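Visitor: Read left to right, the sequence shown gives residues 385 to 481 (this note's numbering).
Note that the Cβ used here is the ideal one computed from N, Cα and C, for glycine as well.
If you're wondering where the values come from, they're calculated on a predicted model, not measured in any experiment.
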Amino acid sequence: GILNDHFKWNKARMSCFILMITALIFSRSSNLVKLSALFMTDASQASSYRRIQRFLSDFSIDYTQLARFIFHLFEFKRVRLTLDRTNWKWGKKTSIF
Numbered sequence: 385g386i387l388n389d390h391f392k393w394n395k396a397r398m399s400c401f402i403l404m405i406t407a408l409i410f411s412r413s414s415n416l417v418k419l420s421a422l423f424m425t426d427a428s429q430a431s432s433y434r435r436i437q438r439f440l441s442d443f444s445i446d447y448t449q450l451a452r453f454i455f456h457l458f459e460f461k462r463v464r465l466t467l468d469r470t471n472w473k474w475g476k477k478t479s480i481f
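1) For the candidate residues 391, 441, 406, whose alpha-carbon lies nearest to that of residue 424?
2) With DSSP run on the structure shown, which of helix, strand or coil describes residue 417?
3) Answer yes or no: do residue 469 and residue 439 have a C-beta to C-beta separation smaller than 8 Å?
4) Buried or exposed: residue 403, going by 16 or more other Cβ atoms within 10 Å of its Cβ?
5) Do you know offhand how far residue 442's Cα is from residue 460's?
Here it is, written out as structure tokens:
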């Protein structure tokens, strides 16, 4: 309910996002295979893995909306902005996340 108030996503996308966040907390890893193993559904691990892949490839998150949610959730009084200038590479291609 709290997430639906801030993100106007459909039920399937929201469900996948919640499963991913829960799996991230329990696995303490961003490895998609490990995350898919922790999905609490009746689907096979391979299906969960493919679901995560589709979520990440077919959808872009509005980071302004995400930031508003985080600030609302934690009610920050004082904020310090930190920039990470790490250049990530995907194979030989530099990524601009």
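Guide: In short, the structure shows the following:
1) Here the question's residue 424 lines up with position 40 in the sequence shown. The option with the nearest alpha carbon to residue 424 is 406.
2) In the sequence shown, residue 417 corresponds to position 33, counting from 1. It is helical.
3) For this step, residue 469 is matched to residue 85 along the sequence shown. For this step, residue 439 is matched to residue 55 along the sequence shown. Going by C-beta atoms, residue 469 is not nearer than 8 Å to residue 439.
4) Here the question's residue 403 lines up with position 19 in the sequence shown. By the 10 Å Cβ count, residue 403 comes out buried.
5) Along the sequence shown, one-based indexing puts residue 442 at 58. Along the sequence shown, one-based indexing puts residue 460 at 76. C-alpha separation (whole angstroms): 32 Å.
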